[in-house]
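Counting with my numbering, you get residues 0 to 405 for the letters of the sequence shown.
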Amino acid sequence: MNSKPDSSRKSDELSWLENLQRNSWEPEVIISGIILAFLFAFPSKIYAFSAMLVQEFGLNYAGAVLVLFYLSAVISVFKIFFVVHLVLRFIWAGFLGLSYAFPQGVIHEKLFKISQHFEYLKPGDMVLAMERICSMTFAYPISLVFTILVSTAYLVLLLFLYYWLKISFFIIYLIFMISLLVFALFVLINKNAKWRAKMAKTMMASVGAIYQSNLGKWFSVFYGLGIFLLAMPLIYNDVRDFSMFFNESNLLENELKWPTKELSYSEFHQEEKRYPRAFLSTETVRGDYLKLGIARYAGDDQYLIDLNENFKKELDSLGWHELVDTPDLYRFTIGDEVIRAGSWKRNRLQVTDQKVYETMLPIGDLPPGIYTLKIEKLLVRYNLFTNKPEEIRLREQWDEIDFIKE
Numbered sequence: 000m001n002s003k004p005d006s007s008r009k010s011d012e013l014s015w016l017e018n019l020q021r022n023s024w025e026p027e028v029i030i031s032g033i034i035l036a037f038l039f040a041f042p043s044k045i046y047a048f049s050a051m052l053v054q055e056f057g058l059n060y061a062g063a064v065l066v067l068f069y070l071s072a073v074i075s076v077f078k079i080f081f082v083v084h085l086v087l088r089f090i091w092a093g094f095l096g097l098s099y100a101f102p103q104g105v106i107h108e109k110l111f112k113i114s115q116h117f118e119y120l121k122p123g124d125m126v127l128a129m130e131r132i133c134s135m136t137f138a139y140p141i142s143l144v145f146t147i148l149v150s151t152a153y154l155v156l157l158l159f160l161y162y163w164l165k166i167s168f169f170i171i172y173l174i175f176m177i178s179l180l181v182f183a184l185f186v187l188i189n190k191n192a193k194w195r196a197k198m199a200k201t202m203m204a205s206v207g208a209i210y211q212s213n214l215g216k217w218f219s220v221f222y223g224l225g226i227f228l229l230a231m232p233l234i235y236n237d238v239r240d241f242s243m244f245f246n247e248s249n250l251l252e253n254e255l256k257w258p259t260k261e262l263s264y265s266e267f268h269q270e271e272k273r274y275p276r277a278f279l280s281t282e283t284v285r286g287d288y289l290k291l292g293i294a295r296y297a298g299d300d301q302y303l304i305d306l307n308e309n310f311k312k313e314l315d316s317l318g319w320h321e322l323v324d325t326p327d328l329y330r331f332t333i334g335d336e337v338i339r340a341g342s343w344k345r346n347r348l349q350v351t352d353q354k355v356y357e358t359m360l361p362i363g364d365l366p367p368g369i370y371t372l373k374i375e376k377l378l379v380r381y382n383l384f385t386n387k388p389e390e391i392r393l394r395e396q397w398d399e400i401d402f403i404k405e
């Protein structure tokens, strides 16, 4: 007796689903537009977040680069996905207009004779074919969501272990690589495991299987790789200049030869960005003092402690001044003359909340001209496994800033 109501309900559900499928272009375009607006505003936040991990939390530079590259890759890949989808929808709209204007399609008799004997697609067929392609393109990113969520959660867990347990980053890196190897072997060995059967019933796994079985497994793989290759220029643009936040290294040759003004002078700096190293208030200086700021790195406090406890002889051989406070890790020279800083002031910058050291360097004896302020920095190299101090290191080209004295 209940068969008729059940069949009626199923019929209603099918008609409802078919109606949604026919009108799916509206939510697709709206969702793609909203997501793209969000994604294009996000890269600067990722860059600032990765820099903050290094400067405020003391994360190893390699770890920060991993975070930056991973998040930038995810964002950039989804950008390409949705941009491609909108472009395809633009083509679809053109075909739709064509089918309305010329529903009969090609009129062979009115073509040049050389083209009259060919068969051409009908406008309606082109609209339906493009509709299928657009819907397929829009749904593809869903197959990546689960993998991205799991990878992100695992990355957060590793960063948590690194920060709270004070483990060497090299150990964290080994854990990461070994866990990937173990997981790969586990998947290959346990092909018929129960968990794989349960996983196959999830939406994410089903979406991936649908694409592989309908489009071809290799086409699905190469399509994803193609999107990633298209995203590479965006990823490069997002991670460019991040090497400046590698606190333990000298500036690269290109950074010395072609410095970025906005990273060295407050007058050109964007408030929402962090300073990677040293900075001056202005490029042109008037008066007898040069106002200097230096970005604070969380690991510098530990450098100060370890240098005083383990490397007294090395400090004496370098002729370094007494290490009392963290800014004493730096030495300043203009030409061949060492410039001693006076007192240091600690500040937080607006917008980014970045911690910086600020001081005034005496330059009253310098005649008008163009000068280069060279900054050296003392560091400590730690054991990869035990994280104990092993060697003192001097970075003679930690930073260089040109200025003009009037």
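Using N, Cα and C, we set each Cβ at its ideal position, and we do this for glycine too.
Which residue's Cα is closest to the Cα of residue i: the options?
i	options	result
R345	Y153, G207 and Q353	Q353
K44	V350, R380 and D398	V350
S205	V149, L378 and I141	I141
G123	A340, W91, A152 and T358	W91
K121	H107, T358 and D315	H107
P102	L372, S265, R347 and M125	M125
L393	K387, H268, V144 and E313	E313
N253	S98, E55, L70 and D398	D398
S75	G223, V355 and P326	G223
F159	K193, N59, D315 and T332	N59
N307	F241, P366, P388 and K256	P388
T151	G215, I177, L67 and I188	L67
Q396	P366, I369 and I333	I333
M129	P366, L97, L148 and S114	L97
S242	K216, Y274, V220 and Q269	Y274
F331	Q301, E25, I362 and N309	I362
G57	I113, S114, F117 and Y161	Y161
R301	K200, V323 and K193	Position check: residue 301 holds Gln in this sequence, whereas Arg was assumed. Of K200, V323 and K193, the residue nearest in Cα terms is V323.
S31	F77, L65, I113 and P42	F77
Mind checking whether residue i and residue j have CB atoms under 8 angstroms apart?
i	j	result
V53	N246	yes
K272	A63	no
A72	F244	no
T371	L291	no
E405	R285	yes
V379	A294	no
T416	D305	Outside the shown range of the chain (0 to 405) lies residue 416, about which nothing can therefore be said.
I170	L157	no
Y329	K376	yes
State the Cα-Cα distance for the pair residue i and residue j, rounded to the nearest angstrom.
i	j	result
L406	L250	Nothing can be reported for residue 406, as the shown portion of the chain is limited to 0 through 405.
M0	A40	Because the pLDDT at M0 is just 46, under 50, the model does not fix this residue reliably, and the point stays unresolved.
I391	M231	38 angstroms
L262	F218	44 angstroms
T146	F267	41 angstroms
Y210	Y119	29 angstroms
W163	A138	39 angstroms
I400	L38	34 angstroms
G318	K311	11 angstroms
Y69	V238	10 angstroms
H84	K373	50 angstroms
Y99	S134	21 angstroms
G104	L229	35 angstroms
Y381	F168	11 angstroms
N386	I177	20 angstroms
R339	Y153	47 angstroms
N213	I132	12 angstroms
Y264	L233	27 angstroms
K260	P367	21 angstroms
K25	I166	According to the sequence shown, residue 25 is Glu rather than Lys. Roughly 50 angstroms between the two C-alpha positions.
W343	L383	33 angstroms
T201	K193	13 angstroms
E55	G215	47 angstroms
V28	R347	43 angstroms
V220	K109	44 angstroms
I188	L148	24 angstroms
I369	D315	33 angstroms
A208	A183	19 angstroms
Report back the beta-carbon spacing between residue i and residue j to the nearest angstrom; my notes put them in contact at under 8 angstroms.
i	j	result
E406	F402	Given a span of 0 to 405 for the chain in the structure shown, any question on residue 406 remains unanswerable.
E321	D327	7 angstroms
Y288	L360	7 angstroms
F89	L35	Not quite, the Cβ-Cβ distance comes to about 14 angstroms (not below 8 angstroms), so this is no contact.
V144	M203	6 angstroms
I79	I226	5 angstroms
T136	L180	That pair is no contact at about 34 angstroms.
Shorter than 8 angstroms from the beta carbon of residue i to some beta carbon of chain C?
i	result
L314	Among the protein chains of the structure shown there is no chain C, as only one such chain exists.
Open item on the list: So within the region 293 to 346, which uninterrupted beta strand (DSSP E) runs reach at least 3 residues, ignoring any that extend past its ends?
Closed with: 329 to 333 and 336 to 338
Open item on the list: As an exercise, report each continuous alpha helix (DSSP H) stretch of at least 4 residues that is fully enclosed by the region 92 to 156, in chain order.
Closed with: 122 to 138
- [ ] Starting from the N-terminal side, write out each stretch of the alpha helix (DSSP H) that is 4 residues or longer and does not extend beyond the region 226 to 285.
- [x] 252 to 256 and 260 to 263
- [ ] Enumerate, from N- to C-terminal direction, the unbroken alpha helix (DSSP H) stretches of 4 or more residues contained entirely within the region 167 to 207.
- [x] 168 to 188 and 193 to 199
Task: Whole alpha helix (DSSP H) elements within the region 18 to 91, 4-residue minimum - done: 24 to 40 and 42 to 54
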